[in-house]
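Notes for the one structure printed next.
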Amino acid sequence: AAKKPCGASRKTSKAKPAAPTTTSPKGDPQSLAAKTRREKISERLRTLQELVPNGTKVDMVTMLEKAFSYVKFLQLQVKVLATDEFWPAQGGTAPEISQVKEALDAILSLQR
């Protein structure tokens, strides 16, 4: 077998220019939708921070945990206020604080 001179029979392949993998974010509908979604989430999180007591600027998970706890607290208050025994009958007296605490403990034990 005859030796071929160096480089004489080499096939040279011209490298194709790499196609751009990302397009301009301005024109990509998926990127625009994601940006809009993130903006809405941020806006709703700021609103939630205003509604929840001590809703200082914290990460999203902490804010959601605080909101969850606050909603549970409000639900408990609604239950307590909806209970007839907390409202004195016409001409009656308000319940003692110990009765209120007992009722709260009973409701809390049902929540667990």
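Residue numbers (the working numbering): 11 to 122.
A virtual CB, placed ideally from N, CA and C, is assigned to each residue, including glycine.
These numbers were taken from a predicted model, which means no experiment stands behind them.
Beta-carbon spacing of L114, V90 below 9 Å: Going by C-beta atoms, L114 is nearer than 9 Å to V90.
Straight-line gap, A92 to K45 (C-alpha atoms, nearest Å): When rounded, the distance between both Cα atoms is 44 Å.
Spatial distance of L61 from K111 (CA atoms): Taking the straight line from one Cα to the other gives about 27 Å.
Under the three-state DSSP convention, the category P39 falls into: P39 sits in a helix when the DSSP states are folded into three classes.
Selected residue, minimal CA-CA separation from V71, among D38, Q40, P39 and S52: Shortest Cα-Cα distance from V71 to any of D38, Q40, P39 and S52 involves S52.
Inter-residue CB distance, A43 and L58 (contact presumed, cutoff 8 Å): Cβ atoms of A43 and L58 stay farther apart than 8 Å, at about 22 Å.
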